Amino acid sequence: MPSDKTRSIGDFLIDYSGKIDSTEVESVSQRNLMDIFDEDSTLKIKRKPLLEVLGEDFLVPRYQRLYSWKLEQHKDLWNEIEEMLDLEVFFAQENVQPTTKLTDVFFGSIFIADVDGDRLEVIDGQQRITTVFLILSLIKKKLEDLEVNGDLETMRTNAVDQIDRMIFRIPDDQLSKEPAITYSDAHNNELFLCLIGDENEKNEWLKSRNGSDGRKSDSRKVEKLAERLGTDVPSESPDHIYHPESNERLLQGFEFYQEKISERLLEANSDSEKAKMLINLKNYLLRSFIVGRVEIMSDSSPELRMNIFQSLNDRGLELTTVDLIRARIVNRFYRDDDEDEYVRIWERIVRDFGTDDKDIRRFIRTYLAAYEDGVSKLEEIDKDNILEAFSLKDRDSHEISSKIASIDDAKRFLQDLQRHAELYLDLVDYESAEFENLDEKNTKDILRRLGKLGTRQWRPLILKAYSHVDEDSSKDFLNLLETVEKIFLRLAISEYRANTLESTFVVSAHKLDENLENSVSVLLEEAEDDLSGLFGTDFVEVLIGSSNLSSNAARLILEKVSDQLLDKNNAGRPIQEEIVMKNTELEHILPQTFVREDSDDPLVWCRNFFASTDITLESVDRGTEAYQLIKKEFIEDMANMILLKDVDNSASGNKPFSKKINYYYQDDYFENIPTNWYFTGSNPDFSEDMLDATGSEDEFWNAYWNHENFLKRRSELFAKILFILAVKEDEFSDFIDVEENRIRPQDSLKDSNDNEIGSRLERLDFELEADGKLITNE
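Numbering (numbering that gives the first Met the number 0), first residue to last: 0 to 777.
Pasting the structure below:
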């Protein structure tokens, strides 16, 4: 026996069986190092090491979730493994003493059912079995790369053979082998074989993948995947392939353990130490990881097996809604002639959504809200309600009726659900959609603005309407979509919240006729009942009193108005080229930092805009009421905003207007954006010729953007906004004139604007007068 010495895990082998008999390879009995799991302990769980559970042929049924372990679960498992890898043992003459004793690891329960006498159906535990197989395959590959001799060579060969027979089914002729665990889902099955197999399997997996749209979230570059797999890019392979989330998680798990094992092997000084470390790791997993093997009766019903699956968690991961729906669909079609067809329909839906549980739930909520009469709001449908629609039995206690209570019902429902999933994705992923029978540009512009507003309440109504679109109803659908947008843009101007109208769109969806002819009137009837303040004279008052708008809302409103005026060409100006009204920047003319603290004339904006020389720096300090009032009621008013498209508005900063106006004209699109026309030749008081003639006269131009021109522009701009956001032809006829291709504010609108801005200036006067710094507006 060697002299006293502390040895690490790469210096000896742990003898689990008591059968290691070698003068060349040092070994230590397991019982000297570990506290053995006691079968008679209070847990009352029969001791089953993984060695006695694996080695069977396993089948992961369709109702199981796809591979879902994340980094957190892998770290937990690796922390348990590292307790063995960190083991140090003090060898003292005739005995050995570990620095700390290891314990067996309880690795959860594995539920299985022998359903066909050939393979065991894994009801719960597939995540753990799959992960252990990944680790074992990595140990095997690492062992095969080592050069060792003598007894250790024999032990290395035996370990490789044992792992091979554990993770593969190897026929007697040794000519072929398949994984010992088979997934019903083809994607996980093929990638799993790729990961545990050799170079050929990796190449075959990459070659067998279908091409995919590289813009989609579930698409990956073949070149990148080949690099991660450590192989070459196959010839004639597509640039991108479909790579769902479950595949990505499987690959990430493989990479995690590959990195961790490689890091630990760097601590070894020789191949001999590496071999012993790897053999110990293999034995520790197979002999010290204890599972509770629960075997379900072979004649148990598929419904019982599915219910057991639903009630279990796998290492702290709760089943997602998608997992549970999948289980119920599989159970409904169990042993039906069309089982494969209809299970694949659901799997295609999941694939189309990139396996994203949240997005799939949003879609199903929208679908149910559109068609379920008992639902009046989207928020009424939660996870439990969604699952009620996929219940195997219709129950009186459920708020949502079951859609799969019978085979025939389930077939009709899944076909309809798939069709609506495609339509829903058109609406939310509009950029890549092709809107047949519709004005594609207008449709996409409206959907983009609704998305930018952060709204979803409209989806049940528009999804149902979109499902009825054909050549005859396309105009009616677009009118409906445009009306929805106008309502939400009005809402953005008001102080109402979007969820105020949630029931409006759900109830309207329930009242919708297939021909869509009356769809707008149905919606307006509900909307006017729910929120009358958004219509007619009430909305004019809301618009005139509006201030402190979010930049996002203001930009989208100005985009909408400009977009529609360009289409209608209602402002009497020829348009030189088509302008795509998106990706614009919102510019505040009176700047947000209106005090130019770093200049020789810090109050140039205040002096000119308010036509006053009495304002002092102290009176508009950031902490004053006057400062807040100017920000809210003048700067953040739409009358103070324009759109720029191909210049960076940050470059103009808070420069005086004489500098800003020259900068605006560097934007090639500036003059052709209708909401900017107050500063162009469309305004008789303002033309580019005048700009050229007097551009050097700073005082003239600095004084141009004052509260009086602000008020004039406000009336003209608001006339355009009312014209474009009208939902009925004569809704705002008392406030605007539309004649000779011009939109003009009537006196009623001008007077209301005069009163509003006058009262704002009076409030500002009052705040400044309180400090003895009165401004006068002559």
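We put the CB at the ideal spot given by N, CA and C, even for glycine.
Because the structure is a prediction, the values reported are computed rather than measured.
Residue i in three-state terms, based on DSSP
i: Y333; result: coil
i: A112; result: strand
i: E398; result: coil
i: T393; result: According to the sequence displayed, residue 393 carries Asp and not Thr. In the structure shown, D393 sits in coil (DSSP, three-state: anything other than H, G, I, E or B).
i: F57; result: strand
i: T41; result: Below a pLDDT of 50, predicted positions are generally treated as unreliable, and T41, at 32, falls in that range; the measurement from the model is reported next regardless. Looking at T41 - three-state DSSP - the assignment turns out to be coil, as it is neither helix nor strand.
i: L437; result: coil
i: L265; result: coil
i: V121; result: strand
i: G315; result: For G315, the predicted structure reports a pLDDT of 46, less than 50, and the residue's modelled location is therefore unreliable. A value from the coordinates is still provided. Correct three-state label for G315: coil.
i: Y283; result: helix
i: D733; result: coil
i: K749; result: helix
i: E586; result: strand
i: G210; result: strand
i: Y827; result: Because the chain spans 0 through 777 in this model, residue 827 falls outside it and cannot be assessed.
i: P243; result: coil
i: Y15; result: coil
CB contact flag (residue i, residue j, <9 Å)
i: I720; j: V560; result: yes
i: L856; j: L462; result: Within the shown structure, residues of the chain are numbered from 0 to 777, placing residue 856 beyond reach of any answer.
i: E87; j: S7; result: yes
i: I742; j: F765; result: no
i: G229; j: E23; result: no
i: V505; j: L377; result: yes
i: L642; j: L522; result: no
i: T623; j: L602; result: no
i: A409; j: F362; result: no
i: H242; j: S207; result: no
i: F132; j: I80; result: no
i: V466; j: L422; result: A small correction: the amino acid at residue 466 is Ser; Val does not occupy that position in the sequence shown. It is a contact, given that the beta carbons lie within the stated cut-off.
i: A179; j: K201; result: no
i: V221; j: S234; result: no
i: K281; j: A158; result: yes
i: D528; j: T499; result: no
i: L49; j: F288; result: yes
i: E55; j: L119; result: yes
i: A508; j: A368; result: yes
i: H706; j: F633; result: yes
Close-in-space but distant-in-sequence residues of the same chain around residue i (CB under 6 Å, 5 per side omitted)
i: N547; result: K631, E635
i: S40; result: Caution applies to S40, whose pLDDT of 37 falls short of 50 and renders its modelled position unreliable; the value that the coordinates give is listed next. Excluding positions up to five away in sequence, the list is empty.
i: S502; result: S375, K376
i: G9; result: A267, E272, K275, M276
i: I134; result: Y256
i: S21; result: D150
i: T781; result: Residue 781 is absent from the structure shown; the chain starts at 0 and stops at 777.
Residues near residue i by beta carbon distance below 7 Å, same chain, minus five either side
i: L145; result: R155, D270, K273, A274
i: D37; result: At D37, the pLDDT of 44 sits below 50, so the modelled position is not reliable; the number obtained from the coordinates is stated separately. Excluding residues within five positions, none has a Cβ falling inside 7 Å.
i: E338; result: F332
i: N514; result: S472
Same chain only: Cβ atoms within 8 Å of residue i, ignoring 5 sequence neighbours per side
i: N478; result: S518, V519
i: Q414; result: I344
i: T536; result: D733
i: V232; result: L205, V221, E222, A225
Residue closest to residue i, alpha-carbon to alpha-carbon, out of the options
i: F796; options: Y662, V603, M640, L12; result: It is not possible to answer for residue 796, since the shown part of the chain is limited to 0 through 777.
i: L58; options: N187, E71, L49; result: N187
i: D428; options: I406, D351, E494; result: D351
i: S390; options: S405, F11, C193, E371; result: S405
i: E470; options: E728, E435, I122; result: E435
i: A388; options: K141, E433, R325, Q125; result: R325
i: L533; options: S747, N498, L488, A508; result: L488
i: N675; options: F167, T583, D736; result: T583
i: I109; options: I122, R64, D117; result: I122
i: S714; options: L767, I128, I756, S657; result: I756
i: D562; options: S493, T442, Q456; result: T442
i: L490; options: E439, D393, L555, R447; result: L555
i: Y283; options: W457, E430, F106, S183; result: F106
i: V104; options: D113, Q125, L76; result: L76
Contact test: residue i Cβ vs the ligand HEM heavy atom, cutoff 8 Å
i: P60; result: In terms of ligand content, the structure shown is empty, and the ligand HEM therefore cannot be addressed.
Within-9 Å CB hit, residue i to chain D
i: K463; result: Note that chain D does not occur in the displayed structure, where there is just one protein chain.
- Task: Please list the segments of the alpha helix (DSSP H) lying wholly inside the segment 642–725, counting only runs of 4 or more residues, in order along the chain.
- Result: The qualifying runs are 656–663, 687–693, 697–703, 706–724.
- Which whole runs of the alpha helix (DSSP H) in the segment 476–540 are 4 residues long or more, in chain order? Here the runs fully enclosed are 501–510, 518–529.
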